Amino acid sequence: MEEDGGNEVMADARSTEDWLLHARELVPAALDKAKEVKGFPGRWKMIIAKLEQIPSRLSDLSSHPCFSKITLCKEQLQAVSKTLKDAVELAELCLKEKYEGKLRMQSELDALSGKLDLNLRDCGILIKTGMLGEATLPLAVMGRVGEPDVAINSNIRELLARLQIGHLESKQRALDSLAEVMKEDEKTVLAVLGRSNVSALVQLLTATSPRIREKTVTLICSLAESGCCENWLVSEGVLPPLIRLVESGGAVGKEKATISLQRLSMSEETTRAIVGHGGVRPLIELCQTGDSVSQAAASCTLKNISAVPEVRQTLAEEGIVRVMINLLNCGILLGSKEYAAECLQNLTTSNDNLRWSVISEGGIRSLLAYLDSPLPQESAVGALRNLVGAVSVEVLVTLGFLPRLVHVLKSGSLGAQQAAVSAICRVSSSTEMKKMVGEAGCIPLLVKILEAKSNNAREVSAQAIASLIVLPQNCREVKKDDKSVPNLVQLLDPSPQNTAKKYAVSCLACLSSSKKRKKLMISYGAIGYLKKLTEMDIPGAKKLLERLERGKLRSLFSKK
């Protein structure tokens, strides 16, 4: 059955067993011819060694009971047969010395050696991927999932297997088909995806064809966003080629690669690896030059990276502070601004040098301007909280710091309010600032936050009031608020979860100079709480208890 390359109909009509027989017949012919050749001994010696491996691969391939039912097996045997035929033809040319130049023949022999490598590799992959077992799948699961589902799964597995075998052209066709399937039924693709398939996709990221790289990174982006195989992607080496695409890919490649890194950077370990592979600089550059989507994805990735303390200095050395402040001022998407605010909050959490860097680049002004936008305020206020202790009161007043905080306390989320209260605590060290905070109308807002469900929010609010109340005019403001005493008494709760009790004691001690407030404290059960707090040695609890009990005793005598 001699193969006619021009007669595709006859080739397709052959069965898989026919192709196996054909390939087996060609092996000894190719070996005999190859061993007769005297020229190019080094190259032919290598080719002969590879030809000698083919029979065992064919045996492994054909030994599976479902061998004859798998299209890929037939295609693989066709490819092997074509390579063997090429080997016979080249050997005959060398024997007759009828070739066009020595260098050209050397090149053709190298190409033949590469084809043999590919054939041997693809046979091995086909055996290992589990594709051969797919032919038995309908019998095993027909009653459970139904024939249509089985056919779909088998088709998807075949497409995934095709990513690992054959030439780039066939892999590109498989990519196109798989992309279409992903659009229609991503869930099923993810269900049958294996680690070897992920590895094959990662390898295609470094293909010489820009089109293949672009299609591959689009698929990998979908996999990363699905959240089902991040560990496989990272362990199979996806980070370096993704970073190179961010660095020098086309528009689509940059966007998809950056979105993939954004998703993968949610893992702290992967974040360190991105830094280690040189990913910071291209991401920072993309924040400055990329389109809206790429810019947002890059800024989010950098925000995720900035959450890891030990890499913050590396980020600073690459100029991240100025870039994030610039995004705050003129980011294309609102999301980019939000990520920039979060990044600045992370950078200024514990590093004084980075705090000064943000301040010197005008970060406080930009963060305050950001608070005037409709975006989430928590991160921006958190960054301001980290910075305010390093600048003078005069600067903060000039920049309109307090009015912005009052706005946050009135209408911000609980997290933003909590960060604003923490900022107030940090700036209220001087009498002058305590006075300005009170005059700005913060105290009623702080009293209201004492009712929050969050333990931390209640604690920072009680701490702020305890700091401000030492000023007489602020104390009068607290007394005016009908909710101040009941809210503070509730914070005398001795349970371990209540971390605000020591501040509540301090506040109530300042208010206890008023007979009316003492009666309120007693009526809301402060004495019972204070007895328990006294046993726990909470500072000020014993003194406040004695004061209330004396007031209660006087009240009893006056009634008599």
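Residue 5 is where the sequence shown starts when you use this note's numbering, and the numbers rise one by one after that.
Using N, Cα and C, we set each Cβ at its ideal position, and we do this for glycine too.
Just so you know, these numbers come straight off a predicted model, no measurement behind them.
{"Check": "Start and end residues, alpha helix (DSSP H) containing Asp-189", "Outcome": "172-196"}
{"Check": "Runs of alpha helix (DSSP H) lying entirely within the stretch 344-431, each at least 4 residues, in chain order", "Outcome": "356-364, 367-374, 382-391, 397-402, 405-415, 418-431"}
{"Check": "Buried versus exposed, by CB contacts within 10 Å (16 or more), Gly-283", "Outcome": "buried"}
{"Check": "Touch test, the stretch 209-223 against the stretch 239-257, Cβ-Cβ under 8 Å, three pairs minimum", "Outcome": "yes"}
{"Check": "Rounded straight-line distance, which links the Cα of Arg-480 to that of Gln-494", "Outcome": "20 Å"}
{"Check": "Helix, strand or coil at Asp-300 according to DSSP, with G and I counted as helix", "Outcome": "Contrary to the premise, residue 300 reads as Ala rather than Asp in this sequence. Of the three classes helix, strand and coil, the one that applies to Ala-300 here is helix, per DSSP."}
{"Check": "Minimum C-alpha distance to Val-250 - residue among Ser-340, Thr-293, Val-202", "Outcome": "Thr-293"}
{"Check": "Nonlocal neighbours in the same chain, by C-beta distance under 6 Å from Ala-17, ignoring five residues either side", "Outcome": "none"}
{"Check": "Segments assigned alpha helix (DSSP H), at least 4 residues, entirely inside the stretch 231-315", "Outcome": "234-239, 243-252, 255-268, 272-280, 284-293, 296-310"}
{"Check": "Any non-hydrogen atom of the ligand NAD closer than 7 Å to Tyr-533 Cβ", "Outcome": "Although the ligand NAD was asked about, the structure shown includes no ligands whatsoever."}
{"Check": "Inter-residue CB distance, Tyr-374 and Lys-341 (contact presumed, cutoff 8 Å)", "Outcome": "6 Å"}
{"Check": "Through-space distance from Asn-235 to Thr-435, alpha-carbon basis", "Outcome": "55 Å"}
{"Check": "C-alpha distance - Val-193 paired with Lys-78, whole-angstrom precision", "Outcome": "24 Å"}
{"Check": "DSSP three-state assignment for Ser-67, whether helix, strand or coil", "Outcome": "coil"}
{"Check": "Residues of its chain near Leu-130, where Cβ-Cβ distance is below 8 Å and the 5 sequence neighbours each way are ignored", "Outcome": "Leu-65, Leu-76, Cys-77, Gln-80, Leu-136, Ala-165, Ile-169"}
{"Check": "Alpha-carbon spacing of Leu-120 relative to Asp-189, whole angstroms", "Outcome": "36 Å"}
{"Check": "Close beta carbons around Arg-148, own chain, < 6 Å, minus the five adjacent residues each side", "Outcome": "In this prediction, Arg-148 has a pLDDT of 40, which is less than 50 and means its spatial position is unreliable; what the coordinates show is noted afterwards. If we look at Arg-148 and ignore the five residues flanking it on each side, it has no Cβ neighbours."}
{"Check": "Ala-530 in three-state terms, based on DSSP", "Outcome": "helix"}
{"Check": "Which of helix, strand or coil DSSP assigns to Ser-60", "Outcome": "helix"}
{"Check": "Span separating the alpha-carbon of Val-385 from that of Pro-214", "Outcome": "44 Å"}
{"Check": "Beta-carbon proximity of Leu-534 to Leu-552, cut-off 8 Å", "Outcome": "yes"}
{"Check": "Cβ-Cβ distance between Ala-427 and Leu-388 below 8 Å", "Outcome": "yes"}
{"Check": "Cβ-based burial, Glu-346 [other Cβ within 10 Å; buried from 16]", "Outcome": "buried"}
{"Check": "Buried versus exposed call for Asn-478 [16 or more other C-beta atoms within 10 Å across all chains shown]", "Outcome": "buried"}
{"Check": "As assigned by DSSP and simplified to three states, the class of Thr-222", "Outcome": "helix"}
{"Check": "Distance between Ile-288 and Ala-466 (C-alpha atoms, nearest Å)", "Outcome": "41 Å"}
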